[in-house]
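Protein chains in written order, with our numbering: chain A, 3 to 315; chain B, 385 to 807.
The structure appears below as structure tokens.
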Amino acid sequence: MTAPAVSRRPTRGATRTGGRSRSAARRRTGWWALAFLLPSALPLAAFVIVPMLGAGWISLHEWNLIGSMHWVGLGNYAALLRDPATLAAFGHTLGYLAGYLPLVYGGGLGLALALNTALHGRALLRGVYFLPVVTSWIVVALVWRWLLNPSVGIVNWTLAQLGVQGPGWWTDPAWSMASVVLASAWKDLGFVMVILLAGLQAIPTEVLEAARVDGAGWWRRLWSVVLPLLSPSTFFVVVISLINGFQVFDQVYAMTAGGPNGSSEVVVLRIQQLAFRYGEAGSASALSWLLFAVILAITLVQIRGQRRWVTYA
Amino acid sequence: MNRRTPATLAVGALALTLAACSSGSTSDPSDTGGASPAAQDVTITYTGFIANGGNEDNLAQIVQAFEAANPGVTVKVTTMAYADYGTALQTDLAAGTASDVFDVEYANYGAYQAEGVLAPIDGVDTSVYTPSLLDAYQTDGTQYALPSSFSDVVLFYNKDLFDAAGLSYPDSSWTWADEQAAAKKLTDTAAGVWGDYQPISYYEFYKALAQNGVPFLSDDGKSVAFDTPAGVEAAQWLIGKSGTTMPTAEQGAGTPDFDTTLFTSGKLAMWHTGIWMFGKAADAGLNWDIAVEPGNTTQASAMFSNALGVSATSKHVKEATAFAAFLSGSQEAAKVRLDAGWELPPISDQSVLSSYLDKGEPANRQAVFDSLDHVALPPTIGEKQNQMVDIVNNQLTEAAAGRMTAAQAVSEAAKQINALLAG
């Protein structure tokens, strides 16, 4: 409706005069672009940019959320970098990613490959695997707490039938993060599956046929044809999973609350605790910005690195 | 895929983080009856935790009585679990969305008063309150909150289980040794029956210390005083129960309502909990009673007091104050509290209070008042209170799970809290 108007006006202007009206036309196009962007730009500004800047301002103060703010400059950042709890929180988050990423990618790829075949009832299966993705984290966390209940959970019961003494899961500092990883990978499996499935279906059958004619077996085709052609989807999955993984919160909050003894306290949980349990909104905001810097740096590195391994067909 | 997407997502995702952090408020936006300013109808809001988990109907009864006595005033009530309340209140106060009237714990009163979020209480007949409870919520001669209730922790016990084991019931002469000996005989893991249940937490630890004659903090408050053999003994008293006479964390201890369900289903012989559980225990149809908590070298019981504050930003301070006064000091509220076996009303009228003794189960209600003879108050260190509570809870939980000894837990907790106090 509006697009023809945009293209018609500059044409008319261009016939009248030269460069000045071209820049005016460009400006008009810019306004139109802005108008189209507004529906997402406004909420983005109100709920993302402004709060971020606000958090930046708060991070330079000592503030308990209720009382008056005291300027401390970069004191909160300095204190955070010295605090072993900060390092521990980043360590726990990295530990989470180390367990979560291979599980969710490996599992998602396996499912996508299996459901990309002419399987009977695969539409239903795809729906079933996607169901956890759209389920509330609180529900999933409570279910997994039950499954992993050390004394009456079905996981340890099954292990006991096999003669294995199951671990304490979320009651044991050595296993609390593993519990969170299991639940998270299970929940996100469907999302990864869908992305990779779309990637798989975009691979031209001619390429696979050609490989088969050349005598390549299943593994050879997977390794030399499918995976390289799937790399854009893989890249997307890894970037998104890393970004989300660094901000893991809901499942930790609902499953372990960071315990036992702080063994699963991830960065965002630490932010939440600092702000709302310890009354240190300044430190919490500073830690938010530190986390942002880390995620941004890692994402930039990934975007740079993609040239080496991502193949756009 | 657009190459800019990941960076944009990073920004968006962080914002979600921040948004998640700032959306902790669960209370209703304070509706100040703006639709009809000309009318006299006023709606005030009240948020609290004291009715949560079993006393909601009792609170509704008091609210109804208030509304009947104050035509045109409607009270919108929000109750939430104690565990979530502090965070929600802090967020609401920060956002300016606090209710007109809200619960204030004694431990947090000083901080809230100092921040100026409590309106001074005016025009209330304070003579109806017990003076010591009233004074606790005064600062520089001004009343900033009204005591709404007080309560203590006693030893609940299941008479049938004691009878079946051929043991005599607990009484005020009992010590830790008596409790332990009975708990061992009462525990029957094959039948799923446990002898004892006491939360392994900060709130039990400072009390156990007091029961063993050990102060939590040094006299000057600058370091802890519990890193002693007697302090280790108190820690051992708590953690030693786990897995012997009391279920472990892996068996469910520490999860919400676990102990309540255990006791009300007749599978728990002795239970250390607050008198606010009378109603639930009575509803379970058990044969039960209470006793003063056993001590070791001396008796000591936990006493808690709550109050009602009126928000300094309330648009209806007069109505809000009237409601706070009604909910805390009125005869109607006192009657509901006493009849229901809820927490005790803070009123000074001894004739009303003494009726509490004849309100039925548990029979030995005198123990509730006897416990007040030896009170152990929670140690407070101001701003870093929650860090201190978390340190004690973490170390005790580790020791209870057998991952460290009581002595190691005590010395580690002492080390961390001393660092906190010095920092």
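Where a beta carbon is used, it is the ideal one built from N, C-alpha and C, also for glycine.
Inset, instruction - Given a cut-off of 7 angstroms, decide if Leu103/A and Ser243/A are closer than it, judged by their beta-carbon atoms. - result: As a first step, residue 243/A must be located in the first sequence, where it is residue number 241. As a first step, residue 103/A must be located in the first sequence, where it is residue number 101. Taking 7 angstroms as the Cβ cut-off, Ser243/A and Leu103/A qualify as a contacting pair.
Inset, instruction - Say whether chain A places a C-beta atom closer than 7 angstroms to the C-beta of Asn778/B. - result: As a working mapping, residue 778/B is identified with position 394 in the second sequence. Asn778/B counts as touching chain A.
Inset, instruction - Kindly indicate if chain A contains any beta-carbon less than 7 angstroms away from that of Glu499/B. - result: Here residue 499/B is taken as the residue at index 115 of the second sequence, counted from 1. Closer than 7 angstroms: yes.
Legend entry - Chain-ordered neighbours of Ala478/B on chain A, where CB pairs are closer than 7 angstroms: Position 94 of the second sequence holds residue 478/B. Neighbours of Ala478/B on chain A, chain order: Leu67 and Ile68.
Inset, instruction - Note down, one range per segment and in chain order, each beta strand (DSSP E) of at least 3 residues found wholly within the segment 502-543 of chain B. - result: With a minimum length of 3 residues, the continuous beta strand (DSSP E) runs that stay inside the segment 502-543 of chain B are 530-542.
Legend entry - Three-state secondary structure assigned by DSSP to Ala482/B: If you number the second sequence from 1, residue 482/B lands on position 98. Judged by DSSP in its simplified three-state form, Ala482/B adopts coil rather than helix or strand.
Legend entry - Nonlocal neighbours in the same chain, by C-beta distance under 7 angstroms from Glu489/B, ignoring five residues either side: Within the second sequence, the letter at position 105 stands for residue 489/B. Excluding residues within five positions, the ones whose Cβ falls inside 7 angstroms are Asn690.
Legend entry - Beta carbon of Val813/B nearer than 7 angstroms to that of Phe589/B: Nothing about residue 813/B can be reported from this structure: the residues present for chain B run from 385 to 807 only.
Inset, instruction - Under 7 angstroms Cβ to Cβ from Ala423/B, same chain only, skipping five residues before and after it: list those, please. - result: Your numbering for residue 423/B matches position 39 in the second sequence. For Ala423/B, the predicted model reports a pLDDT of 49, less than 50, meaning its position is unreliable; a value from the coordinates is still stated below. Cβ within range, chain order: n/a, list empty.
Legend entry - Cβ separation of Thr526/B and Pro504/B, assumed to be a contact under 8 angstroms, to the nearest whole Å: To locate residue 526/B, count along the second sequence from 1; it is residue 142. To locate residue 504/B, count along the second sequence from 1; it is residue 120. Going by Cβ atoms, the distance from Thr526/B to Pro504/B rounds to 5 angstroms, so yes, they are a contact pair.
Legend entry - For Asp441/B, the nearest candidate out of Val736/B, Gln800/B and Val720/B (CA to CA): Counting from one through the second sequence, the residue named residue 441/B turns up at place 57. Considering only alpha carbons, the answer is Val720/B.
Legend entry - Interface flag, Ala806/B vs chain A, CB-CB below 7 angstroms: Counting from 1 along the second sequence, the entry for residue 806/B is found at position 422. It does not; no Cβ of chain A falls within 7 angstroms.
Inset, instruction - Give the DSSP-derived three-state secondary structure of Ile801/B in the structure shown. - result: As a working note, residue 801/B is residue 417 in the second sequence. Residue state for Ile801/B is assigned as helix, using DSSP reduced to three classes.
Inset, instruction - Apply the 10 Å Cβ neighbour rule to Asn596/B and answer buried if 16 or more other Cβ atoms are within range, or exposed otherwise. - result: The count along the second sequence starts at 1 and reaches residue 596/B at position 212. With 16 or more Cβ atoms within 10 Å of its Cβ, Asn596/B is classed as buried.
Legend entry - Beta-carbon contacts of Glu282/A that lie in its chain and below 6 angstroms, excluding the five residues immediately before and after: Mapped onto the first sequence, residue 282/A falls at position 280. Sequence-distant partners of Glu282/A (beyond 5 residues in either direction) whose C-beta falls short of 6 angstroms from its own C-beta, in its chain, are Leu276.
Inset, instruction - Decide if the segment 75-91 of chain A is in contact with the segment 482-498 of chain B; the criterion is three or more beta carbon pairs, one per stretch, under 8 angstroms apart. - result: Under the three-pair Cβ rule at 8 angstroms, the segment 75-91 of chain A does not count as touching the segment 482-498 of chain B.
Legend entry - Cβ-based burial, Val52/A [other Cβ within 10 Å; buried from 16]: In the first sequence, residue 52/A corresponds to position 50, counting from 1. When all chains shown are included, Val52/A counts as exposed.
Legend entry - Rounded C-alpha distance that separates Trp655/B from Leu161/A: Translated into positions along the second sequence, residue 655/B becomes position 271. Translated into positions along the first sequence, residue 161/A becomes position 159. Those two C-alpha atoms are separated by around 33 angstroms.
Legend entry - Contacts around Ser685/B, its chain only, beta-carbon distance under 8 angstroms, and the 5 residues preceding and following it disregarded: One-based indexing of the second sequence puts residue 685/B at position 301. Sequence-distant partners of Ser685/B (beyond 5 residues in either direction) whose C-beta falls short of 8 angstroms from its own C-beta, in its chain, are Asp536, Val537, Val538, Lys591, Val676, Glu677, Ser755, Leu756, His758, Val759 and Ala760.
Inset, instruction - Identify, in the order they occur along the chain, each residue of the same chain with its Cβ nearer than 7 angstroms to the Cβ of Thr236/A, setting aside the five sequence neighbours on each side. - result: As a first step, residue 236/A must be located in the first sequence, where it is residue number 234. Cβ neighbours of Thr236/A beyond the five flanking positions: none.
Inset, instruction - Determine, using beta carbons only, whether Tyr316/A comes closer than 7 angstroms to chain B. - result: Because chain A here runs from 3 to 315, residue 316/A falls outside it and cannot be looked at.
Legend entry - Contact between the segment 722-741 of chain B and the segment 552-566 of chain B (3+ Cβ pairs under 8 angstroms): Verdict: no, contact absent.
Legend entry - Where Ser602/B sits in the DSSP three-state scheme: Residue 602/B sits at position 218 when you count from the first residue of the second sequence. Three-state DSSP puts Ser602/B in coil, outside helix and strand.
Inset, instruction - For the beta strand (DSSP E) containing Asn690/B, list its first residue and its last residue. - result: Looking up residue 690/B in the second sequence gives position 306. Note, Asn690/B: beta strand (DSSP E), Ser685 to Val694.
Inset, instruction - Answer yes or no: does any C-beta atom of chain A fall closer than 7 angstroms to that of Gln792/B? - result: Residue mapping note: residue 792/B aligns to position 408 of the second sequence, counting from 1. Judged by the 7 angstroms Cβ criterion, Gln792/B is not in contact with chain A.
Legend entry - Same chain only: Cβ atoms within 6 angstroms of Gln445/B, ignoring 5 sequence neighbours per side: The count along the second sequence starts at 1 and reaches residue 445/B at position 61. For Gln445/B, where only same-chain residues beyond five positions count, the Cβ hits under 6 angstroms are Val720.
Legend entry - Of the residues Met71/A, Ser153/A, Leu126/A and Val254/A, the one placed nearest Leu144/A, counting alpha carbons only: Locating residue 144/A in the first sequence gives position 142, where the first residue counts as 1. The option with the nearest alpha carbon to Leu144/A is Val254/A.
Inset, instruction - Measuring alpha carbon to alpha carbon, tell me which of Trp221/A, Tyr131/A and Gly101/A ends up nearest Ala114/A. - result: As a first step, residue 114/A is located in the first sequence; it is residue number 112 there, counting from the start. Distance check between Ala114/A and each of Trp221/A, Tyr131/A and Gly101/A places Tyr131/A closest, using alpha-carbon atoms only.
Inset, instruction - Determine, using beta carbons only, whether Thr173/A comes closer than 7 angstroms to chain B. - result: In the first sequence, the residue the question calls residue 173/A occupies position 171. It does: the Cβ of Thr173/A has a partner Cβ on chain B nearer than 7 angstroms.
Inset, instruction - Taking only beta-carbon positions, decide if Ala619/B is within less than 7 angstroms of chain A. - result: For the purposes of this step, residue 619/B is identified with residue 235 of the second sequence, where counting begins at 1. No, because no Cβ of chain A sits closer than 7 angstroms to the Cβ of Ala619/B.
Legend entry - Amino acids of chain B, ordered along the chain, whose beta-carbon sits closer than 9 angstroms to that of Pro262/A: For the purposes of this step, residue 262/A is taken as residue 260 along the first sequence, with counting starting at 1. Per Cβ cutoff of 9 angstroms: Ala633, Asn778, Thr781, Glu782, Ala785 and Arg787.
Legend entry - For Trp558/B, three-class secondary structure by DSSP: The count along the second sequence starts at 1 and reaches residue 558/B at position 174. In this structure, Trp558/B counts as coil in the three-state DSSP scheme.
Inset, instruction - Use the C-beta contact count for Ile273/A: other C-beta atoms within 10 angstroms, 16 or more gives buried, fewer gives exposed. - result: The residue labelled residue 273/A in the question sits at position 271 within the first sequence. Buried, by the Cβ-count rule.
Legend entry - DSSP beta-bridge partners of Met630/B: The residue labelled residue 630/B in the question sits at position 246 within the second sequence. Bridge pairing for Met630/B: Ser626/B [DSSP].
Legend entry - Bounding residues of the alpha helix (DSSP H) (the contiguous stretch that carries Asp774/B): Your numbering for residue 774/B matches position 390 in the second sequence. Looking at the DSSP string, the run of the alpha helix (DSSP H) that includes Asp774/B is Gln769 to Ala784.
Legend entry - Coarse secondary structure for Ala26/A, derived from DSSP in three states: Here residue 26/A is taken as the residue at index 24 of the first sequence, counted from 1. The answer is helix: DSSP assigns Ala26/A an H, G or I state.
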